[in-house]
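Data block below; observations after.
2 protein chains.
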Amino acid sequence: MRQNITRIQLVMAEVQARIASRAYGPGFRLPSVRAQAQALEVSVSTVVEAYERLAAEGVIASRPGSGFFVAGPVAPLALAKMGPKLDRQVDPLWVSRQSLDAEAATLKPGCGWLPPSWMYEAGVRRALRTLARAESNVLADYATPLGHPGLRQFLSRRLAGNGIQAAPEQIMLTESGTQAIDLICRFLLEPGDTVLVDDPCYFNFHALLKAHRARVVGVPYTPHGPDLEKFEAALREHTPRLYITNSGIHNPTGAALSPAIAHRILKLADISNLVIVEDDIFSDFENTHAPRLAAFDGLARVVHISSFSKTISASVRCGYIATRADWLESLCDLKLATSFGGGQLAAEIILTALTDSGYRRHLENLKRHLTEAMTKTAAKLNALGIKPWLTPQAGMFLWCQLPEGLDAASVARFCLKEGVVLAPGNAFSQSLTASNFLRFNVAQSLDKRIFEVLARALRSP
Amino acid sequence: MRQNITRIQLVMAEVQARIASRAYGPGFRLPSVRAQAQALEVSVSTVVEAYERLAAEGVIASRPGSGFFVAGPVAPLALAKMGPKLDRQVDPLWVSRQSLDAEAATLKPGCGWLPPSWMYEAGVRRALRTLARAESNVLADYATPLGHPGLRQFLSRRLAGNGIQAAPEQIMLTESGTQAIDLICRFLLEPGDTVLVDDPCYFNFHALLKAHRARVVGVPYTPHGPDLEKFEAALREHTPRLYITNSGIHNPTGAALSPAIAHRILKLADISNLVIVEDDIFSDFENTHAPRLAAFDGLARVVHISSFSKTISASVRCGYIATRADWLESLCDLKLATSFGGGQLAAEIILTALTDSGYRRHLENLKRHLTEAMTKTAAKLNALGIKPWLTPQAGMFLWCQLPEGLDAASVARFCLKEGVVLAPGNAFSQSLTASNFLRFNVAQSLDKRIFEVLARALRSP
Numbered sequence: 001m002r003q004n005i006t007r008i009q010l011v012m013a014e015v016q017a018r019i020a021s022r023a024y025g026p027g028f029r030l031p032s033v034r035a036q037a038q039a040l041e042v043s044v045s046t047v048v049e050a051y052e053r054l055a056a057e058g059v060i061a062s063r064p065g066s067g068f069f070v071a072g073p074v075a076p077l078a079l080a081k082m083g084p085k086l087d088r089q090v091d092p093l094w095v096s097r098q099s100l101d102a103e104a105a106t107l108k109p110g111c112g113w114l115p116p117s118w119m120y121e122a123g124v125r126r127a128l129r130t131l132a133r134a135e136s137n138v139l140a141d142y143a144t145p146l147g148h149p150g151l152r153q154f155l156s157r158r159l160a161g162n163g164i165q166a167a168p169e170q171i172m173l174t175e176s177g178t179q180a181i182d183l184i185c186r187f188l189l190e191p192g193d194t195v196l197v198d199d200p201c202y203f204n205f206h207a208l209l210k211a212h213r214a215r216v217v218g219v220p221y222t223p224h225g226p227d228l229e230k231f232e233a234a235l236r237e238h239t240p241r242l243y244i245t246n247s248g249i250h251n252p253t254g255a256a257l258s259p260a261i262a263h264r265i266l267k268l269a270d271i272s273n274l275v276i277v278e279d280d281i282f283s284d285f286e287n288t289h290a291p292r293l294a295a296f297d298g299l300a301r302v303v304h305i306s307s308f309s310k311t312i313s314a315s316v317r318c319g320y321i322a323t324r325a326d327w328l329e330s331l332c333d334l335k336l337a338t339s340f341g342g343g344q345l346a347a348e349i350i351l352t353a354l355t356d357s358g359y360r361r362h363l364e365n366l367k368r369h370l371t372e373a374m375t376k377t378a379a380k381l382n383a384l385g386i387k388p389w390l391t392p393q394a395g396m397f398l399w400c401q402l403p404e405g406l407d408a409a410s411v412a413r414f415c416l417k418e419g420v421v422l423a424p425g426n427a428f429s430q431s432l433t434a435s436n437f438l439r440f441n442v443a444q445s446l447d448k449r450i451f452e453v454l455a456r457a458l459r460s461p
Numbered sequence: 001m002r003q004n005i006t007r008i009q010l011v012m013a014e015v016q017a018r019i020a021s022r023a024y025g026p027g028f029r030l031p032s033v034r035a036q037a038q039a040l041e042v043s044v045s046t047v048v049e050a051y052e053r054l055a056a057e058g059v060i061a062s063r064p065g066s067g068f069f070v071a072g073p074v075a076p077l078a079l080a081k082m083g084p085k086l087d088r089q090v091d092p093l094w095v096s097r098q099s100l101d102a103e104a105a106t107l108k109p110g111c112g113w114l115p116p117s118w119m120y121e122a123g124v125r126r127a128l129r130t131l132a133r134a135e136s137n138v139l140a141d142y143a144t145p146l147g148h149p150g151l152r153q154f155l156s157r158r159l160a161g162n163g164i165q166a167a168p169e170q171i172m173l174t175e176s177g178t179q180a181i182d183l184i185c186r187f188l189l190e191p192g193d194t195v196l197v198d199d200p201c202y203f204n205f206h207a208l209l210k211a212h213r214a215r216v217v218g219v220p221y222t223p224h225g226p227d228l229e230k231f232e233a234a235l236r237e238h239t240p241r242l243y244i245t246n247s248g249i250h251n252p253t254g255a256a257l258s259p260a261i262a263h264r265i266l267k268l269a270d271i272s273n274l275v276i277v278e279d280d281i282f283s284d285f286e287n288t289h290a291p292r293l294a295a296f297d298g299l300a301r302v303v304h305i306s307s308f309s310k311t312i313s314a315s316v317r318c319g320y321i322a323t324r325a326d327w328l329e330s331l332c333d334l335k336l337a338t339s340f341g342g343g344q345l346a347a348e349i350i351l352t353a354l355t356d357s358g359y360r361r362h363l364e365n366l367k368r369h370l371t372e373a374m375t376k377t378a379a380k381l382n383a384l385g386i387k388p389w390l391t392p393q394a395g396m397f398l399w400c401q402l403p404e405g406l407d408a409a410s411v412a413r414f415c416l417k418e419g420v421v422l423a424p425g426n427a428f429s430q431s432l433t434a435s436n437f438l439r440f441n442v443a444q445s446l447d448k449r450i451f452e453v454l455a456r457a458l459r460s461p
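Line order of the protein sequences matches chains A and B.
Start counting the first sequence at 1; every next residue gets the next number (full-length UniProt numbering).
Start counting the second sequence at 1; every next residue gets the next number (full-length UniProt numbering).
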């Protein structure tokens, strides 16, 4: 039986390889079952089963009476294989889609953002009421190419407060932090270029880099930043074009970059002509300020990006890039070409919320709640034998190791059936070496049912 | 003094050109100030000033004691060459940037959208007031992967009214119509693939396809659709992967696709396995309904996209894709990977505006104003000897031919200096055969100063 499954898969792989190489072009009629069986030296029933599975996946289509055909054009860029969602548990997109698709009753400790009631809802409501009286160009017109000048000016001052010198002309607004990184990748990467990421890192970096057909190399992450020896070796061996990282609060570990490692990374980047994308999306959660690569480097080879989706609203889409003025011109062209820039509304809501006197208080409350939730969640996880890798200074994430011998993907699969979405470690790990880790979002871990389900998952064989 | 400034700029331009051509590669040590001054036959102080300005711009970096070095890597994907904006007049991005960047006093007959006061401002204001009382997930949370279910349901019914059968599960919301096309290109195109466009076509298609490194082939456009003979020849000769077009109201010509040509194109597409992207962004302007490729084809190989930026608001970013369910899964993965999906706010504003009882009245007023503006603008242009290529049944565009011997780019350059942004024909033409055409937006052509400046431009040598 086992032998038979392997043969079916071999036939499927063979057909898919020929479709990929366009040997079997779109609309091509596949060899008959009998001819294919002879050609590949397998049984007729093996080919029948392989063709039927390929048809079920939509790769080929059967036309009654005339055989099997290559279906439609071949989609070159399927980021994830289709299939039952339970089989996608370490796919970089799986955790996002589970979290985004979840019904209201679902518990989402694996989710990467705060519950909406933790966000700056009151500020957004006030901003909407104010905007209902705004001038018609704010309500109906496009923004200027770089985006809302008032928000860029505000961000320039705010970045200066974090030691990052970026004139408003060095800042471009985007629809999201993700779009910001996407534009930088479009600008700097050729298909096949190598990109360094932390291992583990935010799983959507993997999905995004897959979309750019980049070669991804992971560098083990320590509690104080990337492992410098491995980082240096990766530079030598792979001559990467980019390194994408979080410096402030690292996703998923909650670690923070130390000044010594930051300095060393920049020196290595200088020698190797590496561009660094610093994703600073969690900066507003910090209690003590960690160093920023962009501050040390003066935006020479560090591109700094962020958004407001973690503390104000994920519904109001707005992010930004701070970079060298000479790169911003091309990035702006790319933004216009691929999304025709942004509107003024989202930027105006964000600026109104950021400059609202209540925002500072909102952040203080939020940080206090997060600290409490962090302590509680860590205690409950410890009671189950699930150990945080470190105790983060701030933020929403706990990166935790399961008791020995347990597989996070299996635990996640078990919990999903019970309505609990987890984030299994290998979704974050390029080398797939985090199979016994889970990332917990402490703000999404307050319901005690999560730990009951987890306890059962840990006991299940 | 003036002379001196020019020399500094020449040195800067020279250095930048050498960096662009990689004669000075990344990390390259620039000639010493003295050597450069000799080589370029300028004074040492001129070179010092030029180097310092380039360093301030981040193009080069000084290392004390060892001179100036080319900073960072050379960016591979500059869609447009840098340089003074007046030299970019037939660049596909130029018209967009001029229009987006224009000051309030600038007149923009070349602009591709309506003045904000013509948009559905009242509906957006009402929607904002309603939304200020919405539930917190609408204000603060991400949307589901495909986007706001209520809006997708509404669009499904609306498309059915235009003969296009698309279930809500076949519709995905995007941030804009442009992002919709971009995602389809990401999904279907490999660098070097060929894409057919109309000649002339919406200039941003050129910019977008450049960003995808696609080979673009233009097919001459007739008043009833693409030239079928040339279309067929292009299919044979270039085996394109995609054809991107507008069926309802064509940009820039204002033409509409005839049923006979629509039918023929679909037959040719079937034989050649061509995917068609139908950009239906002007559908709400129509007085009589033109055929839609997506309606004939049943979304088998036609992907239908649109947005609300032309009639409701360009500030509220929201577009959509209607396509085969089996493609939507991959498109959705790509959307999450590259922009992490959308928020709920923009979709909720659009749905509220679309279902507001005032929207139908807004459209009727809008169409009446456009018809009036069309008649007036055509008369004023005719008086200057500028002849519309056809009289569109609806919409905002007049595609016009200049008196013989005049070059649209020169006219546009003249008018820009006078604060009037025009859209010169070759920005829309892959073959650059529209050098004596201009596209006029009749809603942006009501100020009589436009025609005074134009008259002077036509007389200028």
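Cβ coordinates follow ideal geometry from the N, Cα and C atoms, glycine included.
Given the structure is predicted, the values throughout are model-derived calculations rather than measurements.
Exercise. Mind checking who Gly163/A pairs with in its DSSP beta bridge?
Key: Residue pairing by DSSP places Gly163/A opposite no residue, since no beta bridge is assigned to it.
Exercise. Find the residues of chain A that neighbour Ser62/B, judging by a C-beta separation of less than 8 Å, and give them in chain order.
Key: Correct list: empty, because the minimum Cβ distance to chain A is about 11 Å.
Quiz item: Nearest chain B C-beta to Ser176/A closer than 9 Å, yes or no?
Solution: yes
Practice problem: Could you check if Ile450/B is buried or exposed, using at least 16 other CB atoms within 10 Å of its CB as the buried criterion? | Solution: buried
Practice problem: Can you tell me the Cβ-Cβ gap for Gly218/B and Ser429/B, rounded? I've got them flagged as a contact below 8 Å. | Solution: 7 Å
Quiz item: Closest by CA to Asp270/B, which one among Phe296/B, Asp280/B, Ser283/B and Ser258/B?
Solution: Phe296/B
Quiz prompt | Cα-Cα separation between Thr194/B and Ile244/B, rounded to whole angstroms | solution = 11 Å
Quiz item: Tell me, which residues are paired with Asn137/A by DSSP?
Solution: For Asn137/A, which the question treats as bridged, DSSP gives no partner whatsoever.
Practice problem: List the residues of chain B whose Cβ lies closer than 7 Å to the Cβ of Asp297/A, in chain order. | Solution: Contact note: Asp297/A does not reach chain B at a C-beta cutoff of 7 Å; the least C-beta distance is about 10 Å.
Self-check item: Selection from Thr239/A, Ala167/A, Gly319/A and Glu57/A that minimises the alpha carbon distance to Val216/A
Solution: Thr239/A
Quiz item: the stretch 116 to 136 of chain A: which residues have C-beta closer than 7 Å to a C-beta of chain B, in chain order?
Solution: Residues of the stretch 116 to 136 of chain A with a Cβ closer than 7 Å to any Cβ of chain B, in chain order: Pro116, Ser117, Met119, Glu121, Val124, Arg125, Leu128, Arg129, Leu131, Ala132 and Ser136.
Self-check item: chain B within 9 Å of Gln179/A, Cβ atoms only
Solution: yes
Quiz item: For the stretch 91 to 105 of chain B, which residues have a CB atom closer than 7 Å to at least one CB atom of chain A, in sequence order?
Solution: Leu93, Ser96, Arg97, Leu100 and Asp101
Practice problem: Please look up how many angstroms separate the CB atoms of Leu331/B and Phe187/B, rounded, as I've assumed it's under 8 Å. | Solution: Yes, Leu331/B and Phe187/B are in contact; Cβ-Cβ is about 6 Å, under 8 Å.
Practice problem: Mind listing the chain B neighbours of Lys210/A? Cutoff is C-beta to C-beta under 8 Å, in chain order. | Solution: Ala337
Quiz prompt | In DSSP terms, what Lys387/A is bridged to | solution = Gln401/A
Exercise. Run through the stretch 285 to 351 of chain A for me and flag every whole beta strand (DSSP E) of 3 or more residues, listed as ranges in chain order.
Key: 302 to 307 and 319 to 322
Practice problem: Look at the alpha carbon of His148/A and the alpha carbon of Arg317/A, and state the distance between them as a whole number of angstroms. | Solution: Roughly 13 Å separates the two Cα atoms.
Self-check item: Range of the contiguous beta strand (DSSP E) that encloses Tyr221/A
Solution: Arg215 to Thr222
Quiz item: Within the chosen definition, does the stretch 170 to 178 of chain A reach the stretch 307 to 327 of chain A through at least 3 CB pairs nearer than 8 Å?
Solution: yes
Quiz item: What does Gln344/B touch in chain A if you count any residue whose Cβ is under 8 Å from its own?
Solution: Ser315
Exercise. Using a Cβ-Cβ cut-off of less than 8 Å, list which residues of the stretch 142 to 162 of chain A approach chain B; keep chain order.
Key: Tyr142, Ala143, Thr144 and Pro145
Quiz item: In chain A, which residues lie with their C-beta within 9 Å of the C-beta of Asn204/B?
Solution: Leu336, Ala337 and Phe340
Quiz item: Is Met119/A helix, strand or coil when you go by DSSP?
Solution: coil
Quiz prompt | Residues of its chain near Arg213/A, where Cβ-Cβ distance is below 6 Å and the 5 sequence neighbours each way are ignored | solution = Excluding sequence neighbours, Arg213/A sits near Pro191.
Self-check item: Inter-residue Cα distance where the pair is Ser145/A and Leu336/A
Solution: Going by the sequence as given, residue 145/A is Pro instead of Ser. Rounded to the nearest angstrom, the two C-alpha atoms are 7 Å apart.
Quiz item: For Ala143/A, which residues from the same chain have a beta carbon less than 8 Å from its beta carbon, with the 5 sequence-adjacent residues on both sides left out?
Solution: Leu173, Gly341, Gly342, Gly343, Gln344 and Ala347
Exercise. Spell out whether any CB of chain A is found under 9 Å from the CB atom of Pro191/B.
Key: yes
Quiz prompt | Host beta strand (DSSP E) of Ile244/B (start-end) | solution = Leu242 to Thr245
Self-check item: Cβ contact (3+ pairs, closer than 8 Å) linking the stretch 205 to 212 of chain B and the stretch 228 to 237 of chain B
Solution: no
Quiz item: Do Ala255/A and Thr222/A come within 9 Å of each other at the CB atom, strictly closer than that value?
Solution: Their beta carbons are under 9 Å apart, which means Thr222/A touches Ala255/A by this criterion.
Quiz item: CB Tyr359/B to CB Tyr120/B, shorter than 9 Å?
Solution: yes
Quiz item: Quick one: what does DSSP say Asp227/A is sitting in, helix, strand or coil?
Solution: The DSSP-derived three-state label of Asp227/A is coil.
Quiz item: Would you report the Cα separation of Thr371/A and Asp141/B, rounded to the nearest angstrom?
Solution: 22 Å
Practice problem: Measure the C-alpha to C-alpha separation of Ala13/B and Ser435/B and round it to an integer number of angstroms. | Solution: Straight across, the Cα-Cα distance linking Ala13/B with Ser435/B is about 29 Å.
Quiz item: Looking at the unbroken alpha helix (DSSP H) that takes in Gly177/A, where does it start and where does it end?
Solution: Segment Gly177 to Leu188, the alpha helix (DSSP H) holding Gly177/A.
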